[in-house]
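The structure under discussion appears below in the form of structure tokens.
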Amino acid sequence: MKIKLVIFDFDGTIMDTRKPIVSAKQETMRRMGLPVLDEETCAATIGYTAKIGFLRMYPDMDDETADRCVTLYRKLFDEIVRTEPPVLFPKVLETLDKLQEMGMTCTIATSRNRKSLLGFLEQLGILGRFSYILAQEDTVLLKPDGEPVKKTLRDLSFRADEAIVVGDMPMDIHMGRNAGVHTCGVTYGNADRVTLLASGADFVIDSIDELIGIVEEKTQISNSRRFYENQVAPMIRKEFPQYEDRIAVGLSGEGSDCFGYDDGISRDHDFGTGVCLWLTDEDMALFGKELDKAYNDLIDRQPGNNLTVRLRERRGVMTIHDFYSKILGINCDVKTLSLSEEEWQKLDHSCLATATNGEVFRDDTGAFTAYRNMLLSYYPDRIWKIRIVNELHIFSAALQVNYARCMSRDDRVAAGLCRLHGIESAMQLFFLLKRQYPPYYKWTYRRLTELDEEGRISKWIRELSETNGDPEVWEGRKYSPKYLNLSDPVVLLSERIAEEIVKMLQKHDLIQSSDPYLEKHVDTIIRAGGLN
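Mapping of the sequence shown onto our numbering: residues 22 to 553, in sequence order.
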């Protein structure tokens with residue numbers, strides 16, 4: 022999707038405030054009689070509120086002392102910047118102007134207080150270049166929580182896939198990822214490339230003007246469309262004019278780029294510009310060999326486009342039948358536009374996502390798109406309910422029954438497996454109840470965050486993935502299947518997720534009961550759906 026909204030961090034991204042921030046913090050430490058910490062330690066707190074910054078540097082500090090530090094720090098900071106005003110980083114002004122010319126909406130999300138922020142923006146002469154400003158006072162939850170970004174999206178009516186967060190610290194990247202938007206780290210601020218990539222940044226740039234190329238060419242899908250329009254289409258028109266309206270073209274299938282998730286990490290393998298050219302079996306026999314040669318000659322002439330053998334197999338000329346059959350793992354009858362119940366049951370969720378991802382650039386006959394649309398119409402009702410029932414059972418068995426048994430036995434390895442099985446089933450249930458196919462596992466959670474508009478279930482799943490059981494709360498307790506040990510965070514999070522799944526089941530009129538024990542609803546859905 023095309024980027025329409027750019028959400029900037031301020032300190033370390035727009036304005037160079039490192040020196041006055043560090044100087045003011047170190048002078049505060051001296052005057053408060055605290056151990057004076059080095060520059061890197063002080064700089065590592067840039068982006069947090071002043072109070073949180075001091076509490077991170079001095080974990081044993083009480084609230085009253087922290088408040089006194091903040092008051093003194095702000096006084097010292099104001100004195101320093103009056104004598105040595107901070108400046109914009111190089112090329113910031115030009116980049117903001119270019120983004121405006123491109124029709125981008127530029128905003129700020131910062132933990133700096135509003136009065137201070139507005140003062141700097143006015144002083145720098147760039148206040149009018151931002152359509153929306155979110156400061157410390159504007160939301161309860163701040164970085165690295167995703168709420169500042171989510172609030173921006175809500176207030177400006179943008180989707181997550183239309184936005185990118187740009188910042189210099191891991192907390193900026195985490196904020197963006199927690200909101201399900203694209204992320205870009207800058208190395209000229211307070212963190213290096215390795216740190217930003219480790220935080221999950223989709224892109225890392227050394228100069229702010231490099232952002233223009235990213236928002237212009239956000240994904241390989243857009244690059245491939247331009248390649249088709251500028252080079253492939255003219256080649257077809259010149260060499261195969263009589264067949265031009267019989268060649269379907271697009272980018273779909275295997276690869277992160279086909280999902281629009283080609284970030285700085287995934288581009289290290291099987292990556293390059295190309296398109297898929299889909300033909301009927303009859304047209305493949307008629308001119309497929311010649312088209313394949315012409316296309317590969319064009320690819321070979323592209324500077325630096327050294328495609329791997331595997332990527333060449335995923336792109337180029339192929340039949341509609343072979344494309345779908347290879348991905349789905351069945352012999353697809355692309356003319357009847359149907360699958361048997363047995364075939365639907367064999368299909369994996371992620372292979373269906375792979376077969377229907379990306380974009381179709383041209384399909385005059387509609388032959389390729391017709392089968393794609395049949396798959397996108399989703400599972401037949403009976404198959405859909407069977408899959409829901411199966412995942413309900415797996416989730417309940419793993420997290421609502423066996424996890425407690427394993428912890429009661431102090432079998433932490435088995436308990437960990439229960440947690441993993443439960444997380445996977447929770448995500449599968451979410452997609453089933455959203456009537457969406459999840460991409461393969463490394464992108465499942467990313468896609469889930471994009472679809473989870475309220476953000477609850479994605480938050481709890483993430484917390485569950487980062488939470489280990491607490492053996493101490495199981496000590497001395499006799500196992501009982503009727504007892505919920507909510508003192509264990511895994512149990513508590515599992516129940517919250519189950520409650521959310523129940524609400525989703527109710528929205529589809531699959532159940533009436535609000536009981537969070539998911540196994541209870543299995544028989545209800547089986548009986549009502551005639552699945553016996």
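Heads up, the beta-carbon is just placed ideally off N, CA and C, and yes, glycines get one too.
Assign TYR94 to one of two classes, buried (16 or more other C-beta atoms within 10 Å of its C-beta) or exposed (fewer than that).
When all chains shown are included, TYR94 counts as buried.
C-beta contact flag for ILE233 and LYS119 at 7 Å:
Contact annotation: ILE233 and LYS119 have beta-carbon atoms nearer than 7 Å.
Taking all protein chains shown into account, decide if GLN421 is buried (16 or more other Cβ within 10 angstroms of its Cβ) or exposed.
Counting other Cβ atoms within 10 Å of its Cβ, GLN421 reaches 16 or more and is therefore classed as buried.
If you check the beta carbons only, do VAL207 and ARG214 fall under 7 Å apart?
At the C-beta level, VAL207 and ARG214 stay beyond 7 Å of one another.
Own chain partners of ARG335 with C-beta closer than 7 Å, once the 5 adjacent residues on each side are dropped:
Taken in chain order, the residues that qualify are GLY274, GLU275 and GLY276.
By a C-beta neighbour count over all protein chains shown, 10 Å radius and 16 as the cutoff for buried, is PRO41 buried or exposed?
That one is buried.
Could you tell me whether the stretch 424-436 touches the stretch 382-396, where touching means 3 or more Cβ pairs closer than 8 Å?
No, the stretch 424-436 is not in contact with the stretch 382-396.
Distance check for ALA65 and VAL523, CA to CA, integer angstroms please.
Rounded to whole angstroms, the separation of the alpha carbons of ALA65 and VAL523 is 42 Å.
Let me check understanding here. Comparing Cα to Cα, which of LEU142, SER501 and TYR153 lies closest to LEU177?
LEU177 has its Cα closest to that of TYR153, out of LEU142, SER501 and TYR153.
Which value, in whole angstroms, describes the spacing of the CA atoms of ILE444 and GLY146?
The alpha-carbon atoms of ILE444 and GLY146 are separated by roughly 49 Å.
Answer yes if the stretch 441-457 comes into contact with the stretch 405-422, meaning at least three C-beta pairs across the two stretches below 8 Å, and no otherwise.
Yes, since at least three Cβ pairs between the stretch 405-422 and the stretch 441-457 fall closer than 8 Å, the two stretches touch.
Distance between LEU349 and ASP369 (C-alpha atoms, nearest Å)
When rounded, the distance between both Cα atoms is 8 Å.
Residue closest to PRO510, alpha-carbon to alpha-carbon, out of GLY497, GLU521, THR131 and SER486
The residue with the shortest Cα to Cα distance from PRO510 is SER486.
Limits of the unbroken alpha helix (DSSP H) element including GLY74
Per DSSP, GLY74 belongs to the alpha helix (DSSP H) from 71-78.
The stretch 129-137 / the stretch 78-94 touching (three or more Cβ pairs under 8 Å):
Short answer: they don't touch.
DSSP puts TYR153 in a beta bridge; with which residues?
TYR153 is bridged to THR128.
Which one of GLY54, CYS127, ARG103 and LEU526 has the shortest CA to CA distance from GLY3?
Residue numbering for the chain in the displayed model covers 22 to 553; residue 3 lies beyond these limits and cannot be assessed.
Express the C-alpha separation of MET192 and GLY68 in angstroms, rounding to a whole number.
In this model, GLY68 and MET192 are separated by some 8 Å (Cα to Cα).
Take ASP530 as the anchor and find which of TYR538, HIS542 and ALA519 has the nearest alpha-carbon.
Nearest to ASP530 by C-alpha distance, out of TYR538, HIS542 and ALA519, is HIS542.
Quick check on the DSSP output: what are the complete beta strand (DSSP E) runs of length 3 or more inside the stretch 178-214, in order along the chain?
Those beta strand (DSSP E) runs which fall completely within the stretch 178-214 and span 3+ residues are 184-188 and 203-207.
Assigned secondary structure, ARG383 (DSSP; H/G/I helix, E/B strand, else coil)
Taken through DSSP and simplified to helix, strand or coil, ARG383 comes out as strand.
Going by beta-carbon coordinates alone, are ALA222 and ILE194 separated by less than 7 Å?
Judged by their CB atoms, ALA222 and ILE194 are nearer to each other than the 7 Å cut-off.
So for PHE280, helix, strand or coil by DSSP?
Helix at PHE280.
Roughly how many angstroms separate the alpha carbons of THR241 and ASP318, rounded to a whole number?
Correcting the residue type first, residue 241 is Gln in the shown sequence and not Thr. Using only the alpha carbons, I get a separation of about 20 Å.
Cβ-based burial, ALA181 [other Cβ within 10 Å; buried from 16]
Within a 10 Å sphere around the beta-carbon of ALA181 sit 16 or more other beta-carbons, which makes this residue buried.
Contact under 7 Å by Cβ, THR49 with CYS90:
Yes, these two residues count as a Cβ contact at 7 Å.
6 Å Cβ shell around HIS290 - same chain, five flanking residues per side excluded
Annotation note: pLDDT 44 at HIS290 (below 50); position unreliable, coordinate value reported separately. Cβ within range, chain order: n/a, list empty.
Candidates LYS136, ARG39 and TYR466, of which the one nearest VAL108 by Cα
Its Cα nearest to that of VAL108, the residue ARG39 stands out among LYS136, ARG39 and TYR466.
Among SER429, LEU307, SER508 and GLN533, which one has its Cα closest to the Cα of GLU496?
Of the candidates SER429, LEU307, SER508 and GLN533, the one whose C-alpha sits nearest the C-alpha of GLU496 is SER429.
Where DSSP assigns a beta bridge to CYS353, which residues make up the other side?
Paired residues: none, contrary to the question.
Considering only heavy atoms of the ligand PLP, does any lie closer than 6 Å to the CB of TRP405?
Absence of the ligand PLP from the depicted structure is noted, as is the absence of any ligand whatsoever, leaving it without description.
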